[in-house]
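Working notes, beginning with the structure itself.
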Amino acid sequence: MKTRILVKEGAYKLAKAGVMDAKIDAEELFCFAADCDKVFLFLRKEEEVAKDVEEKFLELIERRAQRIPLQHIIGEQEFMGFKFKVTPDVLIPRQDTETLVTEAAQTIRQEFEKSMEQLKKASLFRKFKGLDGYEVLDLCCGSGAIAISLSKMLETVSVSASDISLPALKLAAENAVLNRVGVEFYQGDMFKAITEGRQVTAEGPRAKAKGTKVKQFDMIVSNPPYIKSNVIPMLQEEVKDHEPMEALDGGLDGLDYYRTIVKEAYQWLKPGGWLLMEIGHDQGEDLRKMIKDSCHYTPATVIKDLPGKDRVVKCRAL
155 MKTRILVKEG AYKLAKAGVM DAKIDAEELF CFAADCDKVF LFLRKEEEVA KDVEEKFLEL
215 IERRAQRIPL QHIIGEQEFM GFKFKVTPDV LIPRQDTETL VTEAAQTIRQ EFEKSMEQLK
275 KASLFRKFKG LDGYEVLDLC CGSGAIAISL SKMLETVSVS ASDISLPALK LAAENAVLNR
335 VGVEFYQGDM FKAITEGRQV TAEGPRAKAK GTKVKQFDMI VSNPPYIKSN VIPMLQEEVK
395 DHEPMEALDG GLDGLDYYRT IVKEAYQWLK PGGWLLMEIG HDQGEDLRKM IKDSCHYTPA
455 TVIKDLPGKD RVVKCRAL
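Counting from 1, position 161 in the sequence shown corresponds to residue 315 in the working numbering; the numbering is continuous, with no gaps.
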């Protein structure tokens, strides 16, 4: 069968199964089966497909028609231009979250520019000492996409990340190795991971921390679970049936994790340290009020994503 006809047949099966972007997914699966890129697919579309490639492609199409996410089938997802391994143990990195990473990276660069200007006016001793290191904590890190992307984009920044899921952290550590960055991963419940949890590497967990004191960061970023519990059954099958529920469910109003973060983050931030969190498109005002009522932060700014929806809330510790 010709490549063009085979891919068209695959796209038809996916569309019939209710898969969004059926044509794109069929092309991606063919490239994965044939170990080629989209250019090859275009140039060779009238050529006959090898029997083994055809069989593999149709098998992949059947799996995708069962609404298994494309990323779980091919085992990876691109995020901020970098490749990440993904499994059912982690939330698949999404383009929405790139807004958070872009805003965080821009904020850090601006901080460095200010520090450089201040250093020019400083004493000789201060100039000799140089700039202080910039430390970032990524809460609920999942696959490590946020932490690793920031580490790749800002090589002088020290990044730590935490999550309660050991399988997720092990995958995140593997992604750090894959992307050649040194991120420290800690297992535990929210902020307790840093003081009471255990460090996790690609080889597995290490010994638990022994009463480590509270560490203060220059920035905390987080993409916590924020979907309302009663909304989850209405999500796409790819999401509700194949992605980890603990990475989706934010409680009755979707704000459970934000309450913990807002209540405790200021203790983990240096004075003037930044707090940036991804939010659902309808949660901006709730977070703005929550942050104001805490009295520990500056008034929050809500940043929109490319489609113009509220996506990130940003403030500083007082």
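Where is the CB? At the ideal position from N, CA and C, for every residue including glycine.
8 Å contact criterion, which residue i and residue j should meet: CB distance rounded
| i | j | result |
| --- | --- | --- |
| Met477 | Ala258 | Because residue 477 is not part of the residues shown, which for the chain are 155 to 472, the question remains open. |
| Ser314 | Leu291 | 5 Å |
| Glu400 | Ser316 | Their Cβ separation, rounded to whole angstroms, is 14 Å, which puts Glu400 and Ser316 out of contact at 8 Å. |
| Leu168 | Ile227 | Rounded, the Cβ-Cβ distance is 12 Å, inconsistent with contact. |
| Tyr288 | Glu265 | 7 Å |
Through-space distance from residue j to residue i, alpha-carbon basis
| i | j | result |
| --- | --- | --- |
| Lys199 | Arg158 | 5 Å |
| Asp459 | Met431 | 13 Å |
| Thr349 | Lys394 | 33 Å |
| Ala188 | Leu195 | 9 Å |
| Glu397 | Ala322 | 12 Å |
| Phe236 | Thr253 | 15 Å |
| Val335 | Leu224 | 26 Å |
| Thr261 | Leu406 | 32 Å |
| Glu163 | Phe186 | 16 Å |
| Gln112 | Gly229 | Examination of residue 112 is not possible in this model, given that the chain is present from 155 through 472 alone. |
| Asp206 | Ser305 | 40 Å |
| Ile386 | Tyr380 | 10 Å |
| Phe282 | Leu273 | In this prediction, Phe282 has a pLDDT of 46, which is less than 50 and means its spatial position is unreliable; what the coordinates show is noted afterwards. For Phe282 and Leu273, the distance between alpha carbons rounds to 10 Å. |
| Arg360 | Pro247 | 26 Å |
| Leu472 | Lys346 | 22 Å |
Boundaries (first-last residue) of the beta strand (DSSP E) holding residue i
| i | result |
| --- | --- |
| Lys110 | As shown, the chain starts at 155 and ends at 472. That puts residue 110 outside it, with no answer to give. |
| Lys458 | Thr455 to Lys458 |
| Pro425 | Leu423 to Glu432 |
| Gln220 | That residue, Gln220, is in no beta strand (DSSP E); it is neither H nor E in DSSP. |
| Asp447 | Run containing Asp447: none in the beta strand (DSSP E); it sits in the alpha helix (DSSP H), Gly438 to Ser448. |
| Tyr288 | Tyr288 to Leu293 |
Which of helix, strand or coil DSSP assigns to residue i
| i | result |
| --- | --- |
| Ser383 | coil |
| Arg360 | strand |
| Cys469 | strand |
| Lys283 | Low per-residue confidence applies at Lys283: pLDDT is 43, beneath 50, and the placement is therefore not dependable enough to give any value. |
| Asp96 | Residue numbering for the chain in the displayed model covers 155 to 472; residue 96 lies beyond these limits and cannot be assessed. |
| Ser319 | coil |
| Gln341 | strand |
| Thr355 | strand |
| Glu201 | coil |
| Leu372 | The sequence given here has Asp at residue 372, not Leu. Correct three-state label for Asp372: strand. |
| Lys463 | coil |
| Val244 | coil |
Element boundaries [alpha helix (DSSP H), containing residue i]
| i | result |
| --- | --- |
| Lys346 | Lys346 to Glu350 |
| Glu230 | From DSSP, Glu230 is part of no alpha helix (DSSP H) but of the beta strand (DSSP E) over Glu230 to Phe233. |
| Lys239 | First-last for Lys239: Phe236 to Lys239, but that is the beta strand (DSSP E), not the alpha helix (DSSP H). |
| Ala401 | From DSSP, Ala401 is part of no alpha helix (DSSP H); its letter is neither H nor E. |
| Arg158 | Thr157 to Lys170 |
| Met174 | Note, Met174: premise wrong, no alpha helix (DSSP H); not H, not E. |
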